[in-house]
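Chains as they are written, first to last, in the numbering used here: chain A, 22 to 501; chain B, 22 to 501. For each residue, glycine too, the CB sits at the ideal point set by N, CA and C. Here's the structure we're looking at; comments come further down.
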C-alpha cells in the first residue's frame, strides 16, 4: 500500500538531506549582533533551529515587520499566515486601550461551564457574522490542532450514533472505552490526502502528510490516504488534463472508502483543505470539491473542510470554499490563524448529543473573540476583501510575468486572491532566494518541496505588490 | 485484559445513568431570568448542557464570582482550577492598562520562528524562575492538551533516537511515516493509570481514563493502563495498608512494561498526575512516585509528570512533585491552567534533536507569559504559598470535623494545601449538595464518581475557609 501512495511530489521529499526542508527560511543576518546574542540566550532554553530572527513588534506597522536590529521588512509571510490586518492596527490598539475591555483580558473563563454574559452576543457579532453557508453553530477552541481534533471527535460521535440508530451506548461500549478498546473506542478512520497538513497533535498528525519531519517517530492510525490532484497551471489552460487528474483522485477516494469499510475501519469523515498550503499550495477545482462532497454524502461520511490557513479573507472571500459556489459546502469547517481563535462551525446534526463530549477547560478565549470582532469591523469598513482581490490579481499577473522572464527558474505560478505561490527550480535555489529576499527587505515563506508561498495580511495593497515585484525581480536577476 | 483493569472506582462509573456524571454541577438558578434567556440564546449556537450559569466578570473580585443576575458567590472551583490569584487582581488590571504592553496583546507572533526580542527574558522571569528541579528548558503551548501531546511526541522522538543509537532516520523510516506506517510511525506506547486525566485530544485521550463520557466513540491506541493506588485516608493512619496497595500497583506497572515490550509496543514513557484530579482526587505517597521514577529509569522509559491541575501553588508548593523531595523528579513536567499558558519543562536530553519536530504556528502566547510574570510577582510579594499552606490546613481540619459530624454522608477527607477533596455517600447526594451550596453562595466542583473537589485561588485565606465551613455545615445539616 505504502508504495502506491508515494506520489511524485512526496517522493522528492525522500531525497537525502531534503527531509528537513522547512516551511520558512532560517537566517540570522550577519549584521545582527543583538539577534545572535538573543539566539544564544534562547538556545539555552529551547531548540532555536527554526528561528528566523527576533522581532521588535512595538516598532512594526501594517505590512512592515521590524527586527531587533532595526531592519524593516515587507512581511509577505505574516507569522505563518496568522496576522489578519497587519501589525499594530490603530483600531486594535484603541480597542485594547479601552478600560471596558480589561476584565476580558484579565479573567479567562472556563467557557463551557461559566461563560461571560456577553458571550452569545460576541459570538454573534464575530464568528457567526461570517458563518459558512448552512451552518449556524460554532465551537471555539484554543488553536488549529485542537480545532481539528475536536472536529474529528464530533464526526466520530455522529457516525457511531448513526451506526447505533440511537445515542444510548451499551454497557460494553462504556466499559471497553475506558481501556481504549472497541466497541467503545471503535476502529473508525478519517480519510485524508497526500500532501495535506491538518496539525500536529496525534489525531491531526494521522491526517497530515506534507513532510516527514512532522510525522517521524510518532505512532499513528492506519487511516486511508488518497492522492490530492496534481494540477497543471494556469488551471484554465489545462482544463482537460486537470479534469482527468481530478477524476483519477476521486475514483481512488471511493476505492479507499470501500476498502477501509471492508477492513473494519469505516471512514467516519473526509478532511481536506480547499488549497493544500503547507504541502505546497496545491489547488483543485470547484467541481472536484463538489464531487468529493457528493462522495462523502453517498458513503455516509462527514465532510470536513479545514480552513485554518485559507480562511479569513486571503483568497478574496472570507472562506476559500465560497469559491465553490455551494449552498451546503461541508458538514464541518475548522479555522484558526487569521481568525485569532481556533474553532469549527458545523451543521446542526454534527453537534455532540451530550455535554462534556466536546469539552476542555478553556474552550477558546474571549479576549481573542473581542479582537476578532474588531478585525471584522476593519475588514468591512476598509473593504479589505475587495483590496485582496485587486492586490491578488496584480500579484499573480506579476508572477506570470516573472515566470515568463525566468522560465528556467520559475514555474507553476498560481493563486486565489493574495493566497499565491510559485515553484522554484529546486529546493536549494528556493532557500537561497528566500534568504536573498530577506536581505533586501522582503519576508517570504516556503511550502512544499520547492515552492514559495505568499501570505500577506489583508491590508497588502497593489503598491505593496509592486514594491515586492521590483525587489523580487532584482533577486532573481542575481540568481540567473 | 479489559476485565482485569476494571477497578472498584471505575466499575462504579458503569452503573446506569452514571456515565454522564460531570466534573462540575449544572444549575441555572430559578431566580435567574437573564441567565435563562442567555442559555436559550447560546443554545442556538452550542451545546449548553454543561453551562452552570453566565458570569459578570467585570463585577467579580478576588475569591468572589458574580453571576449575570447579581448573585455573588465564594468561588472554590475557579474556572476548573485555572484562576491563580482571583478575579480582577489590581496588579493585573494595572499591568494590562500599561500602554507599553499593548503591542504584546495586539501582535501574536509565531514564536517558533519570529519571537519578540524580550522572549528569552520573559521566559526567564516567568516560567524559568519556577523550573522543576533538574530542568532548565521549557516549551510553551496554547493549552493543556497540546502540552501533553507535545510532551508525548518529545518522549517518542527521544525513545526512537535511543533505539537507533543515532538520530539519522533511514529511508524506510522517512517513507513509511508519510503513510502512517511503521517503522516511521512506530508502535510505541505511553503507560498511563486508571482514573487519570491528561486531556481530550486523541493522543492525550488514549491516556485519560477518568470517565466514559470523555472517551466514548473516539478511536484510541492499545496502550497499557496500570491501576492507580486506591489509598485509605487519613494517609498517616493507614500507612501499612497503603504501602501494600502501592506495592501492588508498582508491580503491575513493571508487568505491563514487560508485557507491552513483548507485544512489540514498547513503553516510551510513563505519564502520571501527582494527585489524580478529575478522576477523584486520588493521592499516592512520595515513596510511590520515587519507586515509579526508578522503574521508568530501569526500563528506559521517560517519566512525565502532568501538573496541569496540580501546578501553580495550590498544594502549598509551586509544583506538587516538590512534596516528593527529589532532585530529579521527572524527565518532563507539563503545565497549563493556573500558569495561564500551556507548556512543558524537560531535561536536556528530551529536547527534540531537530527544529520543526515540536512546532506549531503559535507555540503559546506571549500575552499569557506577560500576565504570568506578574502573577508570580504577586505570589512572592504576598507570600501566597504560605497562605495556601495555612488555609489548606484550616480547610482539611474543617473537613475532618465535618466528616466526624456526618459520618454517614462524608468520608475520605484528603488534601495537600488547599487542593482538597471529600467523598459524599453517593453521586445523587453529591450533586444535590453542590446545588444547595450554590444557592447559598458557594461555588464548588465535583470530581470522580462522588467527590467534591476544592480548588480555590491562591488568595483564599483562612477567613474564607471559615465562611465556607459555616455554610457547608448548614447545607449538610439540611441533608442529614
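Three-state secondary structure assigned by DSSP to residue i
i: residue 325(B); result: strand
i: residue 214(A); result: strand
i: residue 470(B); result: coil
i: residue 206(B); result: coil
i: residue 86(A); result: strand
i: residue 302(A); result: coil
i: residue 48(B); result: A caution first: residue 48(B) carries a pLDDT of 42, below 50, which makes its placement in the model unreliable, though a value can still be read off. The answer is coil: DSSP assigns residue 48(B) none of H, G, I, E or B.
i: residue 339(B); result: coil
i: residue 96(B); result: strand
i: residue 475(A); result: strand
i: residue 43(B); result: Low confidence applies here, because residue 43(B) scores a pLDDT of 40, under 50, leaving its location unreliable and the question unanswered by this model.
CA-to-CA distance, residue j to residue i, given in whole angstroms
i: residue 362(A); j: residue 82(B); result: 27 Å
i: residue 266(B); j: residue 431(B); result: 23 Å
i: residue 109(A); j: residue 385(B); result: 20 Å
i: residue 101(B); j: residue 382(A); result: 6 Å
i: residue 135(A); j: residue 389(B); result: 20 Å
i: residue 52(B); j: residue 60(B); result: Residue confidence is low: residue 52(B) scores 48 on pLDDT, short of 50, so the model does not pin down where it sits. No coordinate-derived value is stated.
i: residue 443(B); j: residue 434(B); result: 4 Å
i: residue 66(B); j: residue 92(A); result: 46 Å
i: residue 457(B); j: residue 344(B); result: 35 Å
i: residue 248(A); j: residue 215(A); result: 5 Å
i: residue 346(A); j: residue 192(A); result: 45 Å
i: residue 301(B); j: residue 468(B); result: 5 Å
i: residue 137(A); j: residue 284(A); result: 47 Å
i: residue 146(A); j: residue 480(B); result: 35 Å
i: residue 202(A); j: residue 286(B); result: 16 Å
i: residue 470(B); j: residue 415(B); result: 25 Å
i: residue 218(B); j: residue 230(B); result: 6 Å
i: residue 107(B); j: residue 454(A); result: 51 Å
i: residue 349(B); j: residue 182(A); result: 47 Å
i: residue 379(B); j: residue 423(B); result: 49 Å
i: residue 57(A); j: residue 276(A); result: 53 Å
i: residue 113(B); j: residue 465(A); result: 37 Å
Closest by C-alpha distance to residue i, when choosing among the options
i: residue 376(B); options: 251(A), 223(A), 71(A) and 77(A); result: 71(A)
i: residue 222(B); options: 228(A), 108(A), 173(A) and 497(A); result: 173(A)
i: residue 272(B); options: 232(B), 313(B) and 233(B); result: 313(B)
i: residue 99(B); options: 124(B), 478(B) and 501(B); result: 478(B)
i: residue 160(A); options: 464(A), 443(A), 76(A) and 365(A); result: 365(A)
i: residue 395(A); options: 69(A), 67(A) and 111(A); result: 111(A)
i: residue 355(A); options: 404(A), 169(A) and 86(A); result: 169(A)
i: residue 206(B); options: 403(B), 275(B), 180(B) and 217(B); result: 180(B)
i: residue 326(B); options: 436(B), 351(B), 335(B) and 337(B); result: 351(B)
i: residue 358(B); options: 126(A), 90(A), 130(A) and 404(A); result: 130(A)
i: residue 97(B); options: 487(B), 485(B) and 476(B); result: 476(B)
i: residue 288(B); options: 94(B), 301(B), 274(B) and 107(B); result: 274(B)
i: residue 419(B); options: 253(B), 88(B) and 483(B); result: 483(B)
i: residue 212(B); options: 120(B), 228(B), 187(B) and 486(B); result: 228(B)
i: residue 251(B); options: 240(B), 264(B) and 244(B); result: 264(B)
i: residue 89(A); options: 139(B), 90(B), 425(B) and 464(B); result: 139(B)
i: residue 298(A); options: 474(A), 226(A), 371(A) and 367(A); result: 474(A)
Interface flag, residue i vs chain E, CB-CB below 8 Å
i: residue 163(A); result: Of the chains in the structure shown, none is chain E; the protein chains are A and B.
| said: At a CB distance below 7 Å, what residues from the segment 200-232 of chain A approach chain B? Give them in sequence order. | reply: With the criterion set as a beta carbon lying under 7 Å from some beta carbon of chain B, the members of the segment 200-232 of chain A are 200, 201, 202, 205, 206, 207, 208, 209, 221, 222, 223, 224, 227 and 230, in sequence order.
| query | Fully enclosed by the segment 106-183 of chain B, which beta strand (DSSP E) runs are 3 residues long or longer? | reply | Counting only runs of 3 or more, we get 158-162.
| task | Counting only runs of 3+ residues fully inside the segment 341-379 of chain A, write out the beta strand (DSSP E) ranges in chain order. | result | 353-356 and 363-367
| query | Where in the segment 392-472 of chain A do unbroken runs of the alpha helix (DSSP H), each at least 4 residues long, occur, reported from the N-terminal end onward? | reply | 405-426 and 448-460
| field | alpha helix (DSSP H) segments (min. 4 residues) lying fully within the segment 237-297 of chain B | value | 260-283
| Contact set between the segment 443-464 of chain A and chain B, restricted to residues whose Cβ is under 9 Å from the partner | 464
| query | Looking at chain A, which residues of the segment 75-91 of chain B have a Cβ within less than 8 Å of any of its Cβ atoms? | reply | 75, 76, 77, 78, 79, 81, 86 and 89
| task | With 7 Å as the limit, tell me which residues of the segment 383-411 of chain B have their beta carbon closer than that to any beta carbon of chain A; keep them in chain order. | result | 383
| field | chain B contacts made by the segment 235-269 of chain A, where a contact means CB separation under 8 Å | value | 235, 236, 237, 238, 239, 240, 241, 242, 243, 244 and 246
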